[in-house]
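Counted the way the numbering used here counts, the sequence shown spans residues 20 to 390. To start, the structure itself, in structure tokens.
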Amino acid sequence: MKYSTFLAALAAITPICLPAQDSSIIRSTARNSNRILVIGGGGARGAWGAGYAKYLTRMHGEPYKVAFGTSTGSLMIPLIVTNEFDLLKTAYTSVTQKSIFNENPFSKKTGALKGFKAMKRILFGKKTFGESKNLKGTIREFMNRDMFNRIQQQRLEFVVTVVDFKTGQAEYKSSAEIPDYDNMVNWMWASANQPIFMSYYEKDGHAYVDGGVMENVPLEYALQYALMHDQTEIDVIINKPKDPVLDKEFPNRKILKGLNRLIEFFTLEIRDDDLTIPELQAQLANCIGTDTAMAASRSNEKSYRINFYYFPSDLFKKKLYEKELLFDKGRMLDMWTEGENGAKDEQERSDLETMTVPKSVLESFLKRRKQ
């Protein structure tokens, strides 16, 4: 399901009217053993998310032991749970188009689709505009077999999101359930492969692609895990602004220009991530509350705190920073630095920046989602 749809439903039933807690106290006392991290997709903008994960880790004073990711988020979470932020910085500031593509369909300067190359692959009956076999080698370079073994030995865990292109269903692949290194690398690779433009991971008659096709931020699954494992703090990093704005000038209506425009819409999920309604619902919940919320407050019921962090809107407005599949060292270093310094979208509003959900309400909500 789309992240915005899920957030809207959650906000509608979330009783944020529980007694407020001082966030500075929580941040200084919380231990990451009771905290999980969720990171969404965003391609090159993941450099900011990776830097912000380092910022949060430093702020909380302990590495995350469990992390969930989609697409670029899937690629960084093994290094986050092992606290390998120097290596993670190297990965996100040295990667190039060549690190990803053996057949690159995009311009190295602008990120636009190469018309001649795209048409040539169509004429030759290829399945996708590009091929991303090099990405698998890059994954192996930065998450080697020794690191994966260490993750399992130390009982750390990371979960990646993929979509079965045949069934249209999102699936979740956990390092705790997949002991084979090569198998886990394949799932990480699949999670980061945008369909049509990158390779498919074909297995047992199915084709697996980028989890962001169905679930750009794997929050619902992370909340199910939080309930099951008593993780009461959930940090959510979203690698795009709350209100991303595309260039409204579109004078050239030729087919390839139109396709490039479609890519922009797809990667930003403009049509599905309008958060105006969820914000309004959250405000209403904050003001009105529910009987369930009042009862939970009186009984001191355990609550789950969800913190949202969005890509800085000012950074997004810089030239070409909205391009997910344009990997430029200078821009990615800039994004990493902004994240590491704690920069986030200042357009956030407190009603959705942090949500406090009683256990009974969260259980009821997730039960409804399964029906």
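Cβ atoms here follow ideal geometry from the backbone N, Cα and C, with glycine treated the same way. Note that the structure is predicted; figures quoted are calculated from it, not measured.
Considering only residues of the same chain and omitting the five flanking positions on each side of Asn205, which have a CB-CB separation below 8 Å?
-> Position 186 of the sequence shown, counted from the first residue, corresponds to residue 205. Lys155, Tyr220 and Lys222, listed in sequence order.
Where in the region 44–129 do unbroken runs of the beta strand (DSSP E), each at least 3 residues long, occur, reported from the N-terminal end onward?
-> Counting only runs of 3 or more, we get 54–58 and 85–89.
Within the same chain, show all residues whose beta-carbon is closer than 6 Å to that of Ser151, passing over the 5 residues directly before and after it, in chain order.
-> Against the sequence shown, residue 151 aligns to sequence position 132. Once the five neighbours on either side are set aside, the close Cβ partners of Ser151 are Ile119, Phe120, Asn212, Met217 and Ser218.
Three-state secondary structure (DSSP) at Gln250?
-> Position 231 of the sequence shown, counting from 1, holds the residue named residue 250. If DSSP states are grouped into helix, strand and coil, Gln250 belongs with coil.
7 Å CB neighbourhood of Asp41 in its chain, flanking five on each side removed | Position 22 of the sequence shown, counted from the start, is the residue given in the question as residue 41. Confidence in Asp41 is poor, its pLDDT being 36 and thus under 50, which makes the residue's placement unreliable; the coordinate value appears in the next sentence. Counting only Cβ-Cβ distances below 7 Å, and skipping sequence neighbours, we find nothing.
Check whether the region 160–167 touches the region 238–254, taking contact to mean three or more Cβ pairs, one atom from each stretch, closer than 8 Å.
-> Between the region 160–167 and the region 238–254, the count of C-beta pairs closer than 8 Å stays below three; the two stretches do not touch.
Classify Thr157 as helix, strand or coil using the three-state DSSP reduction.
-> Within the sequence shown, the letter at position 138 stands for residue 157. Thr157 falls in the helix class under three-state DSSP.
Who are the near neighbours of Gly68 in its chain, counting only those whose CB is closer than 6 Å to its CB and skipping five residues on each side?
-> Numbered from 1 along the sequence shown, position 49 holds the residue referred to as residue 68. Closer than 6 Å at Cβ, skipping near neighbours: Ile58, Ile256 and Asn258.
Thr375: buried (16+ other C-beta within 10 angstroms of its C-beta) or exposed?
-> The residue labelled residue 375 in the question sits at position 356 within the sequence shown. By the neighbour-count criterion, in which 16 or more other beta carbons inside 10 Å mark a residue as buried, Thr375 falls on the buried side.
Any idea if Glu176 is buried or exposed, counting beta-carbon neighbours within 10 angstroms, 16 or more meaning buried?
-> Locating residue 176 in the sequence shown gives position 157, counting from the first residue. Burial call: buried.
Gln171 - DSSP class collapsed to helix/strand/coil = Reading the sequence shown from its first residue, position 152 is the one you call residue 171. Per DSSP, reduced to three states, the secondary structure at Gln171 is helical.
Asn326 bridges to which residues according to DSSP?
-> Within the sequence shown, the letter at position 307 stands for residue 326. For Asn326, which the question treats as bridged, DSSP gives the partners Asp254 and Thr373.
Continuous alpha helix (DSSP H) stretch holding Lys348: start and end | Taking the sequence shown and counting its residues from 1, one reaches residue 348 at position 329. For Lys348, the enclosing alpha helix (DSSP H) stretches over residues Lys348 to Glu359.
If I'm right that Leu334 touches Glu359 with Cβ under 8 Å, what's the distance once you round it to whole angstroms?
-> Within the sequence shown, the letter at position 315 stands for residue 334. Within the sequence shown, the letter at position 340 stands for residue 359. That pair is no contact at about 13 Å.
Report the rounded CA-to-CA distance for Glu365 versus Met354, giving the unit in angstroms.
-> Position 346 of the sequence shown, counted from the start, is the residue given in the question as residue 365. Position 335 of the sequence shown, counted from the start, is the residue given in the question as residue 354. Distance between the alpha carbons of Glu365 and Met354 is about 16 Å.
Do you know how far the Cα of Pro82 is from the Cα of Ala66?
-> Position 47 of the sequence shown, counted from the first residue, corresponds to residue 66. Position 63 of the sequence shown, counted from the first residue, corresponds to residue 82. For the pair Ala66 and Pro82, the Cα-to-Cα distance works out to about 18 Å.
Just how far apart, CA to CA, sit Glu239 and Leu98?
-> Translated into positions along the sequence shown, residue 239 becomes position 220. Translated into positions along the sequence shown, residue 98 becomes position 79. Distance between the alpha carbons of Glu239 and Leu98: 23 Å.
Start and end of the beta strand (DSSP E) containing Ala226?
-> Residue mapping note: residue 226 aligns to position 207 of the sequence shown, counting from 1. His225 to Asp229 is the extent of the beta strand (DSSP E) around Ala226.
Hey, Gly230 and Val182: beta-carbon distance below 8 Å or not?
-> Sequence index remark: in the sequence shown, residue 230 carries index 211 (1-based). Sequence index remark: in the sequence shown, residue 182 carries index 163 (1-based). Result yes, Cβ atoms of Gly230 and Val182 sit closer than 8 Å.
Please say whether Pro331 and Pro237 have beta carbons closer to each other than 8 Å?
-> Position 218 of the sequence shown, counted from the start, is the residue given in the question as residue 237. Position 312 of the sequence shown, counted from the start, is the residue given in the question as residue 331. Taking C-beta atoms as the reference points, Pro237 and Pro331 fail to come closer than 8 Å.
Can you name the start and end residues of the beta strand (DSSP E) that Ser332 belongs to?
-> One-based indexing of the sequence shown puts residue 332 at position 313. Element bounds for Ser332: not the beta strand (DSSP E) but the alpha helix (DSSP H), Ser332 to Phe335.
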